[in-house]
């Protein structure tokens, strides 16, 4: 049994026993990552803090459901995600008229969700610089960088696609990113 499986099993057993020391250790270990995830997921810091608290209450209440077969963080993020989605589904839509009639707050102006023209130009210019820099690095590195970041493949999937060993893929990715950053640094100078 490897270390991850052993740790996951230990966490599962301790959660079944509702071990307060374990919960303290888990909160300390995952608090920053979990809160950051919830802020990104909910789009609201205050809501994320509430969901953070609710997630740990749920972990305490339903810790017996964690089986220890997967990493604890995977289960924790699933609990947090489900709570967030449940909250967002239940949140009742508010009418714009109701918001504008609220005397305590100034009327809300709907924001245009589309990016401004200058942002589009800037994004286009940045994409052109990145593509030009990508073209200047050797093909084996370029392929690995593109598969990882544009196609979203895992390192293992890239190894399968390219027929290279995992260590080779990691090395190509590291070298490719270094070359790419070097090229991008030169184009801005």
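Residue numbers (this note's numbering): 190 to 378.
A virtual CB, placed ideally from N, CA and C, is assigned to each residue, including glycine.
Quick caveat, the model's predicted, so the values are computed rather than measured.
Is the separation between the beta-carbon of residue i and that of residue j shorter than 8 Å?
i	j	result
residue 350	residue 336	yes
residue 240	residue 269	yes
residue 344	residue 359	yes
residue 265	residue 212	no
residue 364	residue 330	yes
residue 383	residue 369	Given a span of 190 to 378 for the chain in the structure shown, any question on residue 383 remains unanswerable.
residue 237	residue 248	no
residue 362	residue 318	no
How about residue i: is its Cβ closer than 7 Å to a heavy atom in the ligand MN?
i	result
residue 243	Absence of the ligand MN from the depicted structure is noted, as is the absence of any ligand whatsoever, leaving it without description.
Check each candidate in the options and name the one with the smallest Cα separation from residue i.
i	options	result
residue 215	260, 230, 236	260
residue 332	315, 353, 316	353
residue 320	308, 338, 306	338
residue 246	272, 347, 316, 276	272
residue 258	203, 328, 198, 327	198
residue 217	274, 230, 262	262
residue 334	314, 313, 357	357
residue 325	242, 233, 371	371
residue 267	328, 375, 226, 327	226
residue 220	305, 308, 313, 242	242
residue 233	308, 309, 276, 327	276
residue 280	231, 307, 310, 316	231
residue 256	327, 309, 196	196
Entirely within the region 236 to 290 and at least 4 residues each: give me those alpha helix (DSSP H) ranges in chain order. 261 to 279, 285 to 290
Does the pairing of the region 202 to 210 with the region 241 to 252 give three or more beta-carbon distances under 8 Å? yes
Continuous alpha helix (DSSP H) assignments of at least 4 residues falling wholly in the region 296 to 372: 306 to 325, 328 to 334, 344 to 351
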